[in-house]
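Right, one structure below, let's go through it.
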Amino acid sequence: MNKVRPFYWSVRRELWENPALWVAPLAVEAVVLVGFLISSHHLPRAVANAAAGIKAAKGSGTLETPYAMAAAAVFMISFFVAIFYALGALHNERRDRSLLFWKSLPVSDRTVVLSKAAIPLLVQPVIILVIAVATQLIMLLWSTIVLAVSGGDLGYYYSHVHLPLIWMMLPYGLAVNALWDVPFYGWLILVSAWARKATFVWAIGPWLALMAFEWMAFQTFHVRDLLSSRLFGGYQLAYTIDGKTTIDTLSQVTPMRWLANPGLWIGLVVGTACFAACIHLRRRNDPI
Amino acid sequence: MAVIEARRLRKAYKSTLALDAIDLTVEAGRIVGLIGPNGAGKSTALQAILGLMPFEGELKVLGRDPWNARDALMAEVCFIADVAVMPRWMRVWQALDYVEGVHPRFDRAKAEGFLAKTEIKRTSRVRELSKGMVAQLHLALVMAIDAKLLVLDEPTLGLDLLYRKAFYDSLLNDYFDGERTILVTTHQVEEIQHILTDVVFINHGRIVLDSTMEAFEDRYAELMAGPDQAATARTFNPIHERQVFGRSIFVFDGADRARLAELGEVRTPSLADVFVAVMGPVSGQERAA
């Protein structure tokens, strides 16, 4: 008898079918790195200017900014990959009839749905973390070489690029954001389990209609505010204190603050309900 | 214990009754052909047996309710729905890894052995393989699983003659061991007649015939008679008659072979001929008469 690990292999299978989950962020980071290499001949002067207290030109940011941008680029591309992944999660297998192959194996509908939910909520955050940290390491290594060769002020540079802090704050933010996003991906995967075609339209259509209705009837924007907080509120929830969203100190890690946010718990309940509905639908789904 | 035990199994869709309270028992070690025209209820019956669909009535497969215990049941039941269900993006090695990772009864070495006899490369994607090769791959995976029941739904649809023949040959030679049970539906009835131990005809959601092949061969007779004997032959109440090259070919249900032999050449009819006789619109009237 084989020792079986249905959940593990279900996740592996998702990564096989959707290489964009890791290829897309890698490609974006490759482009980011090339840009950083091109700009690095400015680095010795930028460090000297900063050390001398000369303000950098508008828009060029601090010495740390490229590191933040490199992380932001992975976050953004992964967000879009996740949306398209989730909309295909329980739809592609129905469209290409492979549903009948998957269902011929002893893997429960619950395992399948949970493994698909785990991709944006568990696997992608890990991919983002690994790729962002690796990119930042390469950037740091390259900067060190450039500064060492040009005789720049390495001590000043190291003391103003707070990578250890970023590396502690990144997983924290990713974790909080994943919890916050549970209902978002729950909804998208539910649409993928239910819609026969045009999953994207079904995913956003009802919300656009609600927004339009709300404005027409009451001239208010509650639905829009709810959506934008759901889409972009996770990192805010993790990092923002007193209206500031910069990452300055570890004291920003205050789980009690977001654990006390009722929106988080309501979201978790709604998201869990969506995934339960997905399991119910998966059991009855036929190829389309 | 029977492998499949259905009592008053019923399935109604919005406008049609797909299964009209059928009773069906399949014992272990049988190779059963489930045969019927399109829309007869074959697929519905298979879907119910495989736990893909809720149903009314009683149904036990290997002692389990397939709808409520599908994932447990699938450890002991295999099915090939049709040739086109292997995920097209998957590579051959991924299929092997995956099935090995989720199926407790999968023997990887065995699957590799079957694949070694084909031209399928480990690194190929399913979409790059020909239809026949996809069927070989799927069969290699399934035959490496030590299952008690194998369900095949049109497994050779769209394959050429050579692949079809090879498919059933490996099934018989490399897989069937007399203890396993195989349930197969196909429109290519002639090709499976020689491998079946039992045959079930299904039409309009009802079972029209449920017989072992031995009983089938005893029960049905085909008579080829010249024009002079045709009128006499008709007095034996044939269930079907057709003309070939000026001679009449009759199919009889339960007629006395010795007496038929006086009228012409008597043979065992093919499943296809009896199928036409039993299902055809003409036979319906005659059987009612």
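Residue numbers (this note's numbering), protein chains in the order written: chain A, 1 to 288; chain B, 1 to 289.
Backbone N, C-alpha and C fix where the C-beta goes; we use that ideal spot for every residue, glycine too.
Integer-rounded CB distance, given that residue j should sit under 8 angstroms from residue i
| i | j | result |
| --- | --- | --- |
| B:Ala-111 | B:Ala-144 | 4 angstroms |
| A:Ala-289 | A:His-91 | Look at the range of chain A in this structure, 1 to 288, and you will see that residue 289 of chain A is not part of it. |
| A:Pro-25 | A:Ile-138 | Actually they do not touch by this definition, with Cβ atoms about 14 angstroms apart. |
| A:Glu-64 | A:Thr-135 | Not quite, the Cβ-Cβ distance comes to about 14 angstroms (not below 8 angstroms), so this is no contact. |
| B:Pro-37 | B:Leu-50 | That belief does not hold up - the Cβ atoms of B:Pro-37 and B:Leu-50 are roughly 21 angstroms apart, past 8 angstroms. |
Alpha-carbon spacing of residue i relative to residue j, whole angstroms
| i | j | result |
| --- | --- | --- |
| A:Val-270 | A:Pro-183 | 6 angstroms |
| A:Ala-148 | A:Leu-121 | 41 angstroms |
| B:Ile-35 | A:Arg-284 | 25 angstroms |
| B:Cys-78 | A:Leu-188 | 32 angstroms |
| A:Val-11 | A:Ala-82 | 14 angstroms |
| B:Asp-218 | B:Thr-268 | 8 angstroms |
| B:Ile-202 | B:Val-151 | 16 angstroms |
| A:Trp-313 | B:Ala-6 | Shown here, chain A extends from 1 to 288; a query on residue 313 of chain A therefore has no answer. |
| B:Leu-52 | B:Gly-41 | 14 angstroms |
| A:Thr-111 | A:Leu-129 | 25 angstroms |
| B:Leu-141 | A:Ser-78 | 35 angstroms |
| B:Ile-120 | B:Tyr-168 | 19 angstroms |
| B:Ala-309 | B:Asp-273 | Residue 309 of chain B is absent from the structure shown; chain B starts at 1 and stops at 289. |
| B:Ser-15 | B:Thr-44 | 15 angstroms |
| A:Pro-19 | B:Trp-89 | 11 angstroms |
| A:Leu-163 | A:Val-133 | 9 angstroms |
Backbone secondary structure at residue i - three-state DSSP
| i | result |
| --- | --- |
| B:Arg-242 | strand |
| B:Ala-28 | coil |
| A:Arg-13 | helix |
| B:Arg-234 | helix |
| B:Ser-283 | For B:Ser-283, the predicted structure reports a pLDDT of 41, less than 50, and the residue's modelled location is therefore unreliable. A value from the coordinates is still provided. In this structure, B:Ser-283 counts as helix in the three-state DSSP scheme. |
| B:Lys-121 | coil |
| B:Tyr-13 | coil |
| B:Arg-164 | helix |
| B:Glu-154 | coil |
| B:Phe-114 | helix |
| A:Glu-64 | coil |
| B:Asp-23 | strand |
| B:Gly-205 | coil |
| B:Glu-191 | helix |
| A:Lys-103 | coil |
| A:Met-139 | helix |
| B:Val-77 | strand |
| B:Val-200 | strand |
Own chain partners of residue i with C-beta closer than 7 angstroms, once the 5 adjacent residues on each side are dropped
| i | result |
| --- | --- |
| B:Ser-124 | Arg-91 and Val-92 |
| A:Ser-150 | Pro-44 |
| B:Thr-118 | Met-133 and Gln-136 |
| B:Arg-105 | Ala-75, Ile-145, Asp-146 and Ala-147 |
| A:Asp-96 | none |
| A:Tyr-157 | Val-47, Leu-63, Ser-143 and Leu-147 |
| B:Ala-291 | This structure does not reach residue 291 of chain B, given that chain B is present from 1 up to 289, and the question cannot be answered. |
| B:Leu-17 | Gly-205 |
Per-residue contacts from residue i into chain A (C-beta, under 9 angstroms)
| i | result |
| --- | --- |
| B:Glu-100 | Asn-2, Val-4 and Trp-9 |
| B:Phe-79 | Leu-100, Lys-103 and Ser-104 |
Cross-chain neighbours of residue i in chain B, by beta carbon under 7 angstroms
| i | result |
| --- | --- |
| A:Phe-101 | Val-85, Met-86 and Pro-87 |
| A:Asp-96 | Pro-87 and Arg-88 |
Same chain, Cβ closer than 8 angstroms to residue i, neighbours up to 5 away in sequence not counted
| i | result |
| --- | --- |
| B:Val-32 | Val-26, Thr-181, Ile-182, Leu-183, Val-184, Leu-196, Thr-197, Asp-198, Val-199 and Val-200 |
| B:Ala-288 | In this prediction, B:Ala-288 scores a pLDDT of 44, lower than 50, which makes its location untrustworthy; the coordinate-derived value is nonetheless stated afterwards. For B:Ala-288, where only same-chain residues beyond five positions count, there are no Cβ hits under 8 angstroms. |
| A:Trp-22 | Leu-15, Ile-127 and Ile-131 |
| B:Ala-221 | Val-251, Phe-252, Ala-255, Arg-257, Leu-260, Val-266, Arg-267, Thr-268 and Pro-269 |
Same chain, Cβ closer than 6 angstroms to residue i, five either side skipped, listed in chain order
| i | result |
| --- | --- |
| B:His-138 | Ile-80 and Met-86 |
| A:Pro-125 | Leu-174 and Ala-178 |
| B:Pro-155 | Ile-80 |
| A:Ala-89 | Lys-116, Ile-189 and Ser-192 |
| B:Val-208 | Phe-201 and Val-278 |
| A:Pro-171 | Leu-129 |
| A:Asp-109 | Ile-279, Arg-282 and Arg-283 |
| A:Tyr-67 | Gln-136 |
Proximal chain A residues relative to residue i, where beta-carbon distance stays under 8 angstroms
| i | result |
| --- | --- |
| B:Phe-55 | Those do not exist, as B:Phe-55 stays about 12 angstroms from chain A at its closest Cβ, beyond 8 angstroms. |
| B:Gln-94 | Arg-13 and Trp-16 |
| B:Ala-75 | Pro-106 |
| B:Phe-106 | Asn-2 |
| B:His-103 | Asn-2, Val-4, Leu-105 and Pro-106 |
Where residue i meets chain A, residues with beta-carbon distance less than 7 angstroms
| i | result |
| --- | --- |
| B:Asp-71 | Pro-106, Val-107 and Ser-108 |
| B:Leu-52 | Lys-103 |
Any non-hydrogen atom of the ligand ZN closer than 7 angstroms to residue i Cβ
| i | result |
| --- | --- |
| B:Phe-106 | Although the ligand ZN was asked about, the structure shown includes no ligands whatsoever. |
Closer than 7 angstroms, Cβ to Cβ, to anything on chain D: give me those residues from the stretch 131-161 of chain B, in chain order. Here chain D cannot be found, since the structure's protein chains are A and B.
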